[in-house]
Each structure stands twice: as structure tokens, then as C-alpha cells.
Amino acid sequence: NHKFPKKTAEPTKGKIAVVGSGPSGLTVAGDLAKLGYEVIIFEALHEAGGVLTYGIPEFRLPKKIVKQEIASIEALGVTIETNVVVGKTITMEEIMSEFDACYLSVGAGAPNFMGIPGTSLNGVYSSSEFLTRINLMH
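When we follow my numbering, the leftmost residue of the sequence shown carries the number 27, and every step to the right adds one.
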């Protein structure tokens, strides 16, 4: 019995775009919604959650919990649009013309390999890529 936070009054303070739906983006979106802002999250992948969804194994953080947390943020009035690649699907210029502000929470980015011989071979992955691959297969 997961209780969702109650939606505050209709948003009146402005419209905010959040790029990325990982822990940072979800937290900011929820907090802004509670303060009375209209918030839309743009997520490049097909499911929201970022590292919570794609990087943490099921036995450490069950996907059911992640989905409940995301649903509780949506219950505050936050809209999450998936499969939206900022720079391709929508431009920053479009975002800045439609929104009052934009919060960028695009995650950790590319790994920094240490120049160890063999890191460019097939089958060698960074830890985040490995976990993402495992999570996408299940």
C-alpha cells in the first residue's frame, strides 16, 4: 500500500523542463512540483529512472520500488516524456522558448578508461555499461 503524495494546487509559478530522469532529475522535478511549478521531464531512454532503472541490479533495488517512486512523482503533476533525445527530438532552443527554465541532469556520461591495454577489445565494458546491458536483458 504505497501512499502517493497529494498533488498541490494547479501549477502557477512557471514551467520548468528537466532533461534526464535519474535520481537528480526526479528529485528536482518532485520538489519543483511541490513548490507550484509545472514540470516536464525529457528522458532519452524508453523508461524513466536513469541509473535507478538501468544501472542498479534488481537484487539491490527492486524495479517495483523504482516504479512506485516514479509514480509518486507523477502523482504530483510531473509529466515524463520518454524517448526524447534533447538535441535531436527537441532542441535546446525549443526548450528555452517554451519553458521558463531548464535543469540538466544527464547522468555521469562516458566512462574514463585508464589506458590499460585491452580496454578497447570486444567484450570489455565499463561497469555502468555492463550493468545497463544486464538490466536491459532482464
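Just so it is clear, CB atoms sit at the ideal spot from N, CA and C, and this is done for glycine as well.
As the structure is a prediction and not an experimental result, all values here were calculated from the model.
ask   = Given Leu-61, which residues of its chain have a CB within under 7 Å of its CB, disregarding the five upstream and five downstream residues?
value = Counting only Cβ-Cβ distances below 7 Å, and skipping sequence neighbours, we find Lys-39.
inquiry  = In this structure, how does DSSP classify Leu-102 when only helix, strand and coil are distinguished?
reply    = coil
inquiry  = Measuring alpha carbon to alpha carbon, tell me which residue in Gly-46, Asn-109 and Val-65 is nearest Pro-37.
reply    = Val-65
inquiry  = If I measure Cβ to Cβ from Ile-121 and keep anything under 6 Å in the same chain, skipping five residues before and after, which residues do I get?
reply    = Ala-43 and Cys-128
key: Span of the alpha helix (DSSP H) around Phe-156   = 153-163
query = Do you know how far the Cα of Lys-41 is from the Cα of Ala-74?
reply = 20 Å
task = Count the CB pairs spanning the segment 138-150 and the segment 96-106 that are closer than 8 Å, and state whether there are at least three.
result = no
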